[in-house]
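Residue numbers (the numbering used here): 96 to 190. Positions of the beta carbon are idealized from the N, C-alpha and C atoms, including for glycine. If you're wondering where the values come from, they're calculated on a predicted model, not measured in any experiment. A short worksheet on the structure shown next.
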Amino acid sequence: MSADFISELCPHCEQPQPASETDQHIATVHADIPPCTARLNSEHGVYTCVLRAGHRSAHGEHGDYHVSARGPVGRTIWNDNATGASPHHAEEQPA
């Protein structure tokens, strides 16, 4: 099944998006929100979360989980407790 026929809820505004356009929606519509810096270093490579900082549970399909960009076989989804995971770190605020 093509990703064009699957919809995903945006974890930031809960608006349904065609799955193939969700990453672009998040990057453009929610560009004012800093990016999530969570990473996963796995045997298959390093994945970076495509969501924006502060994505919350009960907002969209992924909740408290981090999500990689959509690849040929879907997304990699992980949480902060996964082996090789680095959680989101907000930038230090000047004193």
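Based on Cα-Cα distance, which residue from the options lies nearest to residue i?
i: CYS131; options: GLY149, GLY169 and SER115; result: GLY149
i: ASP118; options: GLN110, HIS139, GLY179 and VAL145; result: VAL145
i: HIS184; options: GLU138, PRO129 and ARG170; result: PRO129
i: PRO113; options: HIS139, TYR160 and ARG165; result: ARG165
i: VAL168; options: CYS108, HIS139, ASP175 and SER181; result: HIS139
i: ASP175; options: SER163, ARG147, ARG134 and ILE101; result: ARG134
Quick one: give me the first and last residue of the beta strand (DSSP E) that residue i is part of.
i: THR143; result: 140-143
i: ASN136; result: 134-137
i: GLN110; result: From DSSP, GLN110 is part of no beta strand (DSSP E); its letter is neither H nor E.
i: SER163; result: Where SER163 is concerned, there is no enclosing beta strand (DSSP E), given that its DSSP letter is neither H nor E.
Provide the residue span of the alpha helix (DSSP H) that contains residue i, from first to last.
i: GLN119; result: 117-124
According to DSSP, simplified to helix, strand and coil, what is residue i?
i: ALA180; result: strand
i: VAL168; result: coil
i: LEU104; result: strand
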